[in-house]
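Below you'll find the structure, written out as structure tokens, and then a few comments.
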Amino acid sequence: LSRVSELLLDLHGQHQHQRLLHPESHLIYLDAFGKVNPILNKYIQTYQTYFDLNNKLETLNDQKQSNFEKQDLYNYQINELEKANLQEGELEELKSERKIQENVENIYEATQSAGNLLYSKQDSILEKIIRAKDKLNKISSLDNKFKEWINDLDSTQITIEEIGKLCEQYYSYLEFDANKLEEIRNREAEIEWLLKKYHMKSV
Numbered sequence: 405l406s407r408v409s410e411l412l413l414d415l416h417g418q419h420q421h422q423r424l425l426h427p428e429s430h431l432i433y434l435d436a437f438g439k440v441n442p443i444l445n446k447y448i449q450t451y452q453t454y455f456d457l458n459n460k461l462e463t464l465n466d467q468k469q470s471n472f473e474k475q476d477l478y479n480y481q482i483n484e485l486e487k488a489n490l491q492e493g494e495l496e497e498l499k500s501e502r503k504i505q506e507n508v509e510n511i512y513e514a515t516q517s518a519g520n521l522l523y524s525k526q527d528s529i530l531e532k533i534i535r536a537k538d539k540l541n542k543i544s545s546l547d548n549k550f551k552e553w554i555n556d557l558d559s560t561q562i563t564i565e566e567i568g569k570l571c572e573q574y575y576s577y578l579e580f581d582a583n584k585l586e587e588i589r590n591r592e593a594e595i596e597w598l599l600k601k602y603h604m605k606s607v
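Going by this note's numbering, 494 is the number at position 90 of the sequence shown; the sequence numbering is gapless.
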């Protein structure tokens, strides 16, 4: 009630104004007596400007420090990625090579068997096609349809020869290399780790 009543009314005694007794009022009266209110207001505005600018400076200094830290991080990441020497499509090639190296025995057996069946061994599919062509050639004069079939068999013969030779070449050069397989696995793991680290789906 005492604090509220101060704003509503002043009590006057015999000798002096009651508000003069309150220390918090002394500066107000002193400033008014000295007629320094214009200077005081200018000072308040200047101090507020200084306070705002000082806060802004602290914010900028914090941001500057944060930028330095980010720059260090980005430089480290750039060096890491440059050192990794990533190539587009490399990961897919590595996975393909790894599958081949891990399955050399199965691939060798399959390509060798396919080559023998198609092209290399006696009674191969190629030989059977040639014999079938001979049979049809003997009767091709009786019906023109046989000539069309013979032409189709010619195309098939060429295709089978090509596939048979490719199978032979493939398994003849096929070789298991444990060191190469280890290198492939390590490189693949390195790229996978970088993709995961940088939250990327591809190089």
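Just so you know, even glycine gets a beta-carbon here, dropped at the ideal spot from N, CA and C.
Between which two residues does the alpha helix (DSSP H) containing Pro427 stretch? On the sequence shown, position 23 is the one that residue 427 refers to. Segment: none, Pro427 is in no alpha helix (DSSP H) and carries neither H nor E.
Indicate the three-state DSSP secondary structure (helix, strand or coil) for Tyr602 in the structure shown. Counting from one through the sequence shown, the residue named residue 602 turns up at place 198. DSSP places Tyr602 in coil when its eight states are reduced to three.
The alpha helix (DSSP H) with Leu570 in it runs from where to where? In the sequence shown, the residue the question calls residue 570 occupies position 166. That run of the alpha helix (DSSP H) goes 548 to 577.
List the endpoints of the continuous alpha helix (DSSP H) containing Tyr478. The residue you call residue 478 lines up with position 74 of the sequence shown. Tyr478 -> alpha helix (DSSP H) spans 441 to 488.
State the Cα-Cα distance for the pair Ile554 and Glu497, rounded to the nearest angstrom. Sequence index remark: in the sequence shown, residue 554 carries index 150 (1-based). Sequence index remark: in the sequence shown, residue 497 carries index 93 (1-based). Approximately 41 Å, taken between the alpha carbons.
contact_flag[the segment 515 to 531, the segment 558 to 568] where n(CB pairs < 8 Å) is 3 or more: yes
Below 8 Å on the Cβ atoms is my contact criterion, and I expect Gln505 with Ile588 to pass it. Report the Cβ-Cβ distance as a whole number of Å. Sequence index remark: in the sequence shown, residue 505 carries index 101 (1-based). Sequence index remark: in the sequence shown, residue 588 carries index 184 (1-based). Going by Cβ atoms, the distance from Gln505 to Ile588 rounds to 7 Å, so yes, they are a contact pair.
Using three-state DSSP, classify Gln526 as helix, strand or coil. Within the sequence shown, the letter at position 122 stands for residue 526. Reduced to three states, the DSSP call for Gln526 is coil.
How about Leu599 and Lys605: do their beta carbons lie closer than 8 Å? Here the question's residue 599 lines up with position 195 in the sequence shown. Here the question's residue 605 lines up with position 201 in the sequence shown. Contact: yes.
Whole angstroms are fine: how far does the CA of Glu462 sit from the CA of Tyr478? For this step, residue 478 is matched to residue 74 along the sequence shown. For this step, residue 462 is matched to residue 58 along the sequence shown. Distance between the alpha carbons of Tyr478 and Glu462 is about 24 Å.
At a cut of 8 Å, does the segment 443 to 457 reach the segment 568 to 581 through at least three beta carbon pairs? no
With distances taken from CA atoms, which of Leu434, Leu557, Gln573, Gln491 is nearest Asn520? For the purposes of this step, residue 520 is identified with residue 116 of the sequence shown, where counting begins at 1. Selected option, being the one with the closest Cα: Gln573.
Inter-residue Cα distance where the pair is Ala514 and Leu578: Residue 514 sits at position 110 when you count from the first residue of the sequence shown. Residue 578 sits at position 174 when you count from the first residue of the sequence shown. Taking the straight line joining both Cα atoms gives about 12 Å.
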